Each structure stands twice: as structure tokens, then as C-alpha cells.
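The opening residue of the sequence shown carries number 1 in UniProt numbering; numbering runs sequentially from there.
Every residue gets a Cβ at the ideal spot worked out from N, C-alpha and C, and that includes glycine.
The structure presented is a predicted model; accordingly, all values stated were derived computationally and were not measured.
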Amino acid sequence: MASPPTASASASEAAESGRRSAPGPIDVPSPRDHLHHLLDRRDTPRVVHVEGTTMQRQRGEAAGDAAAAAAAAKPEVKLVTGDGGYVLEDVPHVCDYLPDLPTYSNPLQDNPAYSVVKQYFVNPDDTVCQKAIVHKDGPRGNHFRRAGPRQRVFFESDEVHACIVTCGGLCPGLNTVIREIGGYRGFYACNTIDLSPKSVNDIHKRGGTVLGTSRGGHETMKIVDSIQDRGINQVYVIGGDGTQRGAGVIFEEIRRRGLKVAVAGIPKTIDNDIPVIDRSFGFDTAVEEAQRAINAAHVEAGSAENGIGLVKLMGRHSGFIAHYATLASRDVDCCLIPESPFYLEGEGGLFRYLEKRLKENGHMVIVVAEGAGQKLINETKESMGKDASGNSILLDVGLWLSQKIKEHFKKIKTTINLKYIDPTYMIRAIPSNASDNVYCTLLAHSVVHGAMAGYTGFTVGQVNGRHCYIPFYRITEKQNKVSITDRMWARLLSSTNQPSFLSKKDVEDAKMEEERASKFFDGPPPNPKVEDKVASNGKAVK
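Here's what the structure looks like:
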């Protein structure tokens, strides 16, 4: 995208507004005061002299100590509390540690494309409620800062030197996000790639990522050194919870060095296992593409006597793709996910259900998420270690389950025709569908608006249908998982007619875990030191 013309604040505006102090992260009486304080500043530039050993460490000098300190540093939490149990979980701002930065008029106000919009800039009081359903006498709950363009920005568009990094596995929609931002490949590699409006014009029609991707290799000090050396002032990190955690460490080191660099994340996980946000990009495309594999399995199974179609879908720890693909298909007879343990033998077990279903229908379709049944497999096979990202390498549940089913029916002298389909890499590599394309575009726009406004140390996401800025620590605390005690899972059981495979104790344990997780996410951040400091008079604390 071509950058719109820049409109900087005039000298007279700066003189009239005077020099104001930067917003402090503590003792903020209300969100309105805090937000207006950020929005209305029109400071003039001031040269800040910082010793080189502070701004940029000599290479190799105490690098190990600094890296250890950065890794051990815990994120600071910014809370603003209000009446009725209102809590704003705010995100960091470059003015928190660089208090005298100038601001500029947002160049979008001169863009003719937006001239027809009645109110284009976000109201400074706008926040997004995390929990959509509340009781009339209950607290208003946690809120996040609403995403969108601000009237004043902290970077002039002509001076922005941005970079993008994509990490982890492929996911539909990656190129759409890249297309809407622009940047480089590699933090400390020599093979950088310039992105121009022409070079990214049609990359959203392709799968994968034009920047390339990898796992592991996170060296904070080298990365931040490279950011300084290249004069980068905006860093956009696209990846899952591990990548976002790494982005948080990079942000902490940048803040420690006092650099005017905004670090922002776009959560990427095809499994939809990132908490807080409504969904992650690429998930809709994955569910839609999974239908092709399920349809193929259904055709194969229905064309043979005692036909069984077995489809393995992605879902390392969270079975959302298998869950939603099953609900959408209505051709699936059994869905197995990591959150719902199952067993093979005996009354109420998987094999008894398969026998019953084949006797009734003559064929059936099974969908299994890749992380399902790992405990059962581990009883017979050794662990395969971990990958470069630190994730456990899963044993192939699809092949294992295929073999077990064949062995069982051979034992009871019943002939079956089993077809196993694994579309994992086909799904990962396709371009995003129309829904995900629009979603990725809005995510990219929102994250750029946030970085331009000076916010940093945040990830962008959709919460209750509204885009907002979420502190890194909120999306890395715990994984989002399918609730096996809510109505959506009950709808699946009703659709497939499969047994739950759960004992009464399993259900009670699941309910207790979900109640604990609900309190964990719906209340203030689970940081005892922070919670102890939340004042009863409604003052914000850090």
C-alpha cells in the first residue's frame, strides 16, 4: 500500500499546546483522563543525549547477563479501574519510557478515501469488554483498548522503517497480513527482502508466506542489535503463543535500551488455540478446506461394504478444527479431540461404538485431531522428543488408530475397508478464503494504527466482534481449548450420536478446570503483586 501524504503538526499548534508531561502508567484516575492525555499531546522535538553504553551495548560486553535479565524480566501490568468493577488492561506506550516525544497529525485525515467517513478516528474513551455476558449486579469486568486510527501519531509516515517476521507453521492468510503492512525478512540474516506496493500486490492470492518462516532461533540480544543497526522503528511479529512470548521479550529489551521502536504482534495459529480473542486468522479457511477431506472420506466409506473413512485434522492441544468441521459436515459419526479422552476396549469404548455404527449404517466416518489419544499411544510407543519451538513431537494418531481398528475387526472376524486421509499440509498451504482475507486485512490495519499511535508491547485481536490491543502476557498465559461441558460440544455429540467416553469423574474434573480457567481469564491479570495493589478507591496501579 502506498503511504498517504504526511501532515505534521505546525509550530503554532505546538506552541499553543505547550509541553506536557508524558502519561504515567500509575495513579491514573480514569480512562478518559489517561486516553486524552495521550491523544492531545503536541510536544516539540527534543534531543535526548544518552550514553552509547545505554542506548546500544557494546557487542559481547555483558551480553550474557543482559540476555538473562531480559529473559527473567516479568512484564509490567498497566491497569485502570473505574466504577462498577471496570478494569482496563492497558498496553504499554513509547511515552512510558520516552516522555518527551513529539506527535504529528494523522496523515489519514487528508486522504480523500476517508473523507466520507462520519467519524473515522477512534474515540479516546472507547474500550472493548472482554466478557460479553454480565449480570445486572455483577462487575463490568475486564476491558481492552479499542483498535483503530488516532488523530495524533508518534511516527511520521515517511520516517517509518518497518520490519515483519513470520514464525512457526504455515497458515492461510499470512500473505494477506504481509501485503497490508510491508517489511523485511530475517532479523540478523543478510538476505533481506524489500516489500513495495508492487511486489505485494497479489500475494494474498497465494498460500504460505513470501517471507519464509522457521521455528526456534530466538536470540534476543542479536535481534535487538539488528533492529538498532538497521534503523528499524516498527516491528511486526506474526506467530503463535510462543512467537508472541518472544516478541514480549524483544519489547522488554527495546524498552530497557530506551529505543523509539514499537513492537506489535498479530496472533497466528491455525488451531485457534490463542485465548482471549474470538478466533485466529486462517481458522475459517482451515475448517472450510477440512470439509473436502471429510467429503472424500464419506464417499470412500459409503462406496464399500463396512467402509470406514478416517480423517486426521490439525489440533495439537486444541480440537477446534475437528470440532467445527464435524459440526459443519454432518457426515461424521465420531469426532476425537485432545480435550476429550477416550478409550478403545470395553463397554462404552470406541470399538463397541464402531461395531454398532457399522451394523446400523454399513459405513462410517471418523475425524481425529492430531493431539487426540496421545496418552494411549504413549503406552505402546516411546516419545519422539521436541521440535525447534519446544513443542512435543506428536506420535501419528491417525496411523496408530487405523492399525488398532484393523486389528480389532480382524480379531472379531469382521471384514472392513478403511481409508485413511491426512490433509494437514494441504490445508496449511492454501490461500485464505474471502472471510479470512477480510479479517486479515482488518488485523493488519489495526496493528499499524496502534504502532503509529505509539502503542507497543501488544498484540491485536478481535474480542466480541471488535478489534482491540491486548498486552502480550494475556495471550501467552494459557491455551484456548474446546470446552467439553458446554453447549457447542453437546451439539456435536447430538450430531454424531457418539458416546462422550467420559466418566462422571472426568466431567466433574473438566467442569472444575473450566471454572478455574474462567476466573483466570475474566478477572484481573493473575499476578498477586498486581492484585494486591489495586486500590479500593478506583486508582490505577502498575
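CA-CA distance, Ala301 to His363, rounds to 6 Å.
Taking 8 Å as the cut-off, the beta carbon of Val128 is found closer than this to the beta carbon of Val463. Only exposed fits Glu347, as fewer than 16 other CB atoms lie within 10 angstroms of its CB. Straight-line measurement puts the Cα of Tyr120 at about 32 Å from the Cα of Ile227. Secondary structure at Val397: helix, using DSSP grouped into helix, strand and coil. Setting aside the 5 residues that flank it on each side, Pro172 is surrounded in the same chain by Gly207, Gly282, Thr285, Ala286, Ile430, Pro431, Ser432 and Asp436, each with a C-beta closer than 7 Å to its C-beta; the list follows chain order.
A contact is defined here as three or more CB-CB pairs under 8 Å, and the region 351–362 fails this definition with respect to the region 312–320. The secondary-structure analysis by DSSP pairs Cys335 across a beta bridge with Val367. Collapsing the DSSP output to three states places Ala372 in coil. Shown here, Cys171 sits in coil according to DSSP, grouped into three states, outside any helix or strand.
The alpha-carbon separation between Gly84 and Lys78 amounts to approximately 19 Å.
A residue is called buried when at least 16 other Cβ atoms come within 10 angstroms of its Cβ; Ser494 does not meet this threshold and is exposed. Around the beta carbon of Met488, a 10 Å sphere encloses fewer than 16 other beta carbons of the protein chains shown; the residue is thus reported as exposed. Taking the Cα of Leu376 as reference, the smallest distance to any Cα among Glu407, Leu344, Gln403 and Ile366 is reached at Leu344. Its Cα nearest to that of Thr103, the residue Val153 stands out among His93, Pro112, Gly240 and Val153. Within the same chain, Cys167, Gly168 and Val237 come within 7 Å of Thr243 by CB-CB distance, once the 5 residues on both sides are set aside.
Counting the other CB atoms within 10 Å of its CB gives Val438 a total below 16, which places it among the exposed residues. In terms of Cα proximity to Leu101, the closest of Asp509, Glu514, Ile470 and Gly454 is Gly454.
Rounded to whole angstroms, the Cβ separation of Pro275 and Gln479 is 7 Å, and the two are in contact under 8 Å. Between the alpha carbons of Pro124 and Thr269 lies a distance of about 30 Å.
In the three-state reduction of the DSSP assignment, Ile412 falls in the coil class.
Inclusion of Ala297 and Ile321 in the CB contact set at 8 Å is not warranted, their separation being larger than that value.
A direct Cα-to-Cα measurement between Arg279 and His93 gives close to 26 Å.
About 17 Å separates the Cβ atoms of Val299 and Thr326, ruling out a contact at the 8 Å cut-off. DSSP, read as helix, strand or coil, puts Phe251 in helix. For Lys419, the pairing in a beta bridge is given by DSSP as Gly309. Secondary structure at Phe458: strand, using DSSP grouped into helix, strand and coil.
Per DSSP, the unbroken alpha helix (DSSP H) holding Val224 starts and ends at Thr220 to Asp229. The beta carbons of Phe472 and Gly319 sit about 26 Å from each other, so the pair does not count as a contact at 8 Å. In the three-state reduction of the DSSP assignment, Asp506 falls in the helix class, which pools H, G and I. Contact annotation, Gly307 with Ile421: C-beta distance approximately 13 Å; criterion of less than 8 Å not satisfied.
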